[in-house]
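Protein chains: 4
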Amino acid sequence: MNTASKPTIEPRKKPVQARSTITVEAIMEATIQVLLSHGVERLTTTRVSERAGVSVGTLYQYYPNKQSLLFALLEQHMEQIASAVETACDYSHDKPLAEMVQYVVERFVDAKMQRTDISMALYRISTEVGGPELVKRATGRLQKALGTMLNTASDVNDKPEPFAIEMMMATMSGTTRSVLEAGTASPLRIQKLREHLVLLCQSYMKSLSTTPSFI
Amino acid sequence: MNTASKPTIEPRKKPVQARSTITVEAIMEATIQVLLSHGVERLTTTRVSERAGVSVGTLYQYYPNKQSLLFALLEQHMEQIASAVETACDYSHDKPLAEMVQYVVERFVDAKMQRTDISMALYRISTEVGGPELVKRATGRLQKALGTMLNTASDVNDKPEPFAIEMMMATMSGTTRSVLEAGTASPLRIQKLREHLVLLCQSYMKSLSTTPSFI
Amino acid sequence: MNTASKPTIEPRKKPVQARSTITVEAIMEATIQVLLSHGVERLTTTRVSERAGVSVGTLYQYYPNKQSLLFALLEQHMEQIASAVETACDYSHDKPLAEMVQYVVERFVDAKMQRTDISMALYRISTEVGGPELVKRATGRLQKALGTMLNTASDVNDKPEPFAIEMMMATMSGTTRSVLEAGTASPLRIQKLREHLVLLCQSYMKSLSTTPSFI
Amino acid sequence: MNTASKPTIEPRKKPVQARSTITVEAIMEATIQVLLSHGVERLTTTRVSERAGVSVGTLYQYYPNKQSLLFALLEQHMEQIASAVETACDYSHDKPLAEMVQYVVERFVDAKMQRTDISMALYRISTEVGGPELVKRATGRLQKALGTMLNTASDVNDKPEPFAIEMMMATMSGTTRSVLEAGTASPLRIQKLREHLVLLCQSYMKSLSTTPSFI
DNA sequence: CATGAATGAGGTTTCATTCAT
DNA sequence: TATGAATGAAACCTCATTCAT
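Protein chains in written order, with this note's numbering: chain A, 24 to 238; chain B, 24 to 238; chain C, 24 to 238; chain D, 24 to 238.
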């Protein structure tokens with residue numbers, strides 16, 4: 024579909040010295056700031072490097088092009104979320120279904136809301152920068168973690184089909200995004216999201232195990 | 024948040040003559056094509072006009088600037104979806120809850136999947152072009168329609184709180200988007216989405232009416 | 024050998040209106056000027072457009088990139104030289120060998136010296152911009168014209184082998200270049216070049232027809 | 024003509040130690056490689072140093088700037104060719120004209136073809152880096168050597184005018200270059216070049232000594 | 001009304017060169 | 001001495017927008 028050529032997107036060099044690491048982190052942070060304050064359209068490599076307090080040249084030593092910069096940001100974020108969920112799954116083996124779902128959902132919301140600024144910033148670039156690709160990767164990974172966990176539920180016998188797990192993940196991301204983009208991510212709303220999302224997923228999962236499968 | 028200046032965004036003139044309508048439609052369609060084939064970043068007014076078979080000048084006669092072009096596209100799409108849902112709501116008054124939810128969800132999925140290319144193209148611009156603003160507008164509108172409908176459910180007494188409706192809408196959009204962006208919107212997957220989404224929303228709504236509210 | 028990627032090199036649009044033609048010519052002329060005054064290394068598209076009195080954007084409407092600009096210049100020049108020689112060949116059919124050679128050589132030198140500035144400017148870019156490719160093309164063309172002509176020489180029977188014609192062409196270009204790059208292309212030196220080059224080629228051609236072939 | 028500023032161009036220090044010599048040679052060789060694989064335009068000091076297996080810093084210890092690096096390469100090559108020809112001249116004193124010419128021409132072609140890659144690489148920079156200047160220097164030197172030699176020809180009385188010697192040198196370089204840039208420097212073609220070039224120069228020289236001078 | 005040539009600010013990226021380690 | 005991270009001027013090129021025809 025998309026004909027846009029995909030040049031190298033991998034970071035150019037791994038920071039090895041302490042100084043470099045600081046530089047790279049400053050660039051990442053600056054990217055988020057600029058994304059939030061100016062929007063993708065007005066995110067320029069110059070602006071990012073200025074904000075990071077380094078020269079453009081330095082930025083380009085670590086990221087071969089603008090895309091790779093954004094990609095790295097997205098990747099790092101997805102990694103954090105995915106591993107938070109994975110950990111939650113591991114922890115919840117052999118619990119009752121409702122408890123499992125609650126724990127996982129809450130950890131997900133917590134992870135996502137830890138830095139609402141980053142989460143929101145990333146929605147703005149995701150589609151442009153290989154987001155769907157990364158989502159697919161993370162989805163596969165979590166598919167496994169969630170599936171394995173659900174199979175150990177102490178109070179359910181039939182394992183949910185993969186598609187149901189996809190649905191649950193999509194619901195978690197979708198509703199969270201919705202709350203964030205509504206602009207008012209107040210603690211209260213976040214709390215409500217957490218509770219409703221738990222309920223939503225719990226009732227879905229429960230209904231799946233009590234309803235004859237659809238297809 | 025976003026400091027990006029917002030110039031006039033309303034289309035410059037309403038197409039009244041037949042010829043104009045055709046031109047406008049060609050431009051809209053071309054925009055979608057370019058969006059899909061090149062991505063937002065490489066969507067240019069010149070490219071759009073070329074694809075539409077008109078000159079740039081002509082494009083600028085209907086849309087004062089690029090933003091307004093994209094905005095119009097988004098608006099038109101949201102309008103279609105929103106009104107499809109609204110109609111479904113109107114139609115479903117006084118039905119049992121499960122039936123209501125099923126009908127509304129199915130009409131939503133149908134509307135969204137009618138032109139998957141458009142839906143996908145729009146994900147690419149929504150955040151950039153006042154998407155959240157439009158979403159908020161549409162959300163308000165549907166909040167009302169859904170709320171009104173749900174109040175007439177023949178088998179439920181307590182009306183769901185507004186936030187629950189938001190959750191349901193977010194779930195519908197979120198899961199649909201997820202399926203579309205996974206890249207494989209095969210008829211089979213769409214069918215599965217439809218069924219699971221119905222079940223998901225039904226069980227959520229049902230659980231709400233049988234569970235003491237949380238806060 | 025050369026890994027340098029070769030993007031589109033063909034001019035972007037043909038000038039159709041009178042105004043455009045003027046613009047294109049101004050750009051060509053400016054390119055020569057800049058080439059001579061600054062050298063290839065310091066020839067920038069901005070500088071060229073400034074010199075031409077147009078904006079960079081305009082330059083890029085006619086030439087998709089810097090390479091294509093230089094390539095066009097080179098191509099146009101080669102065309103002129105090649106057709107001058109071709110014409111000379113056509114004109115000289117059935118003459119005695121010495122006369123043929125003299126006429127062709129003189130027309131070549133004339134053509135090349137008509138605008139010494141252009142000739143010199145082009146030496147500076149030739150290798151970088153597909154020069155050898157164009158030379159090969161022109162060589163093929165002139166190979167034919169010269170070969171055909173030489174076959175009609177009234178006083179020679181055996182036709183020279185293709186390689187000999189290549190040698191003659193290389194000699195003509197090489198010596199002319201040498202005189203130009205020596206920096207002192209005074210009328211006197213040009214006159215000397217003309218005479219010596221005639222003699223050189225005549226004696227070479229003559230020796231070929233009286234000497235047993237080498238291989 | 025050329026306004027390009029000319030910074031220090033002399034190599035920064037003469038390599039005295041063995042290690043330095045190796046480094047310098049590696050740099051020279053790397054320069055050639057990069058020149059051939061990337062072209063002048065994409066020859067960067069970093070790339071050269073990488074290829075040479077040293078750091079940029081080290082490169083800059085031996086060459087104060089990029090120009091001087093290229094200049095040194097060119098100079099070294101010209102020196103080799105020039106001295107090969109000079110030696111041939113010295114060796115040929117008092118021989119008959121034809122023999123002289125043959126010997127000199129063959130030694131020239133041999134020298135030039137010994138490393139066709141270097142020869143070709145240098146065509147790419149010669150105009151940019153003081154090539155004509157160096158050519159002029161070498162030309163003067165060879166002018167002398169050739170003139171002296173020719174004066175001793177056992178079978179000719181009148182000495183050729185300096186311009187004729189220039190012509191001969193230009194012919195040698197020009198035809199050799201032509202063969203190299205045609206892209207097919209096969210042994211066969213090189214052999215042909217050698218033979219034809221000998222014939223060409225011989226007949227020219229001979230014709231000069233039997234023809235009344237032109238001006 | 002339509003056209004498309006022209007504009008030029010501004011974005012991305014490169015690369016010669018320096019200098020602290 | 002060698003290294004290579006950092007610099008930032010400057011190059012190439014794009015594209016929203018205007019306006020004479």
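Every residue, glycine too, gets a C-beta built ideally from N, C-alpha and C. If you're wondering where the values come from, they're calculated on a predicted model, not measured in any experiment.
Residue from the options with nearest C-alpha to residue i
{"i": "L216(D)", "options": "T194(C), I148(C) and K118(C)", "result": "T194(C)"}
{"i": "Q166(B)", "options": "I141(B), M192(B) and T150(B)", "result": "M192(B)"}
{"i": "L145(C)", "options": "V63(C), E33(C) and V47(C)", "result": "V63(C)"}
{"i": "G197(A)", "options": "A168(A), G170(A), V158(A) and P210(A)", "result": "V158(A)"}
{"i": "R200(B)", "options": "E102(A), S149(A) and L59(A)", "result": "S149(A)"}
{"i": "E102(C)", "options": "L211(C), V79(C), Q84(C) and A134(C)", "result": "A134(C)"}
{"i": "H116(A)", "options": "L169(A), T139(A) and P87(A)", "result": "L169(A)"}
{"i": "G206(A)", "options": "F94(A), T139(A) and E184(A)", "result": "T139(A)"}
{"i": "Q90(C)", "options": "A53(C), S60(C), A107(C) and E33(C)", "result": "E33(C)"}
Check whether residue i and residue j have beta carbons under 8 Å apart
{"i": "E204(D)", "j": "P119(C)", "result": "no"}
{"i": "H219(A)", "j": "F186(B)", "result": "yes"}
{"i": "S226(B)", "j": "Y126(A)", "result": "no"}
{"i": "I141(B)", "j": "I55(B)", "result": "yes"}
{"i": "A208(C)", "j": "M123(C)", "result": "no"}
{"i": "V179(D)", "j": "S232(D)", "result": "yes"}
Neighbourhood of residue i by C-beta, 8 Å cutoff - its chain only, sequence neighbours within 5 removed
{"i": "Q99(D)", "result": "M51"}
{"i": "L82(D)", "result": "I50, T68, V71, S72, A75 and L92"}
{"i": "R164(D)", "result": "A105 and E109"}
{"i": "V128(D)", "result": "M195, R217, L220, V221 and C224"}
{"i": "T162(B)", "result": "E189 and M192"}
{"i": "R147(A)", "result": "L58, G62 and V63"}
{"i": "V77(D)", "result": "T46, A49 and I50"}
{"i": "Y114(A)", "result": "Y126"}
{"i": "V202(D)", "result": "A208, R212, I213 and L216"}
{"i": "A107(C)", "result": "R130, F131, D133 and A134"}
{"i": "M24(D)", "result": "For M24(D), the predicted model reports a pLDDT of 39, less than 50, meaning its position is unreliable and no value from the coordinates is stated."}
Same chain, Cβ closer than 7 Å to residue i, five either side skipped, listed in chain order
{"i": "N174(A)", "result": "K182"}
{"i": "V79(B)", "result": "T68, T69 and S72"}
{"i": "S60(A)", "result": "none"}
Whole-angstrom C-beta distance between residue j and residue i, which should lie under 8 Å
{"i": "C112(A)", "j": "M172(A)", "result": "4 Å"}
{"i": "L97(D)", "j": "V152(D)", "result": "6 Å"}
{"i": "M143(D)", "j": "I213(D)", "result": "Not confirmed; about 13 Å, so no contact."}
Cβ shell of residue i (< 6 Å), same chain only, five flanking positions each side left out
{"i": "A121(A)", "result": "Q225"}
{"i": "A53(A)", "result": "V71, R74 and A75"}
{"i": "L211(C)", "result": "none"}
Short-range partners of chain A found in the stretch 46-77 of chain B, where Cβ spacing is below 7 Å | Those residues of the stretch 46-77 of chain B placed with their C-beta closer than 7 Å to a C-beta in chain A are L59, S60, H61, G62, V63, E64 and R65, ordered along the chain.
Under 8 Å (Cβ pairs) to chain B, residues found in the stretch 175-205 of chain A | For the stretch 175-205 of chain A, residues whose beta-carbon sits nearer than 8 Å to a beta-carbon of chain B comprise F186, A187, E189, M190, M192, A193, T194, S196, G197, T198, R200, S201, V202, E204 and A205.
Relative to chain D, which residues along the stretch 125-157 of chain C have a C-beta separation below 7 Å, given in chain order?
-> So the list reads Y146, R147, T150, E151 and P155, given in the order they occur along the chain.
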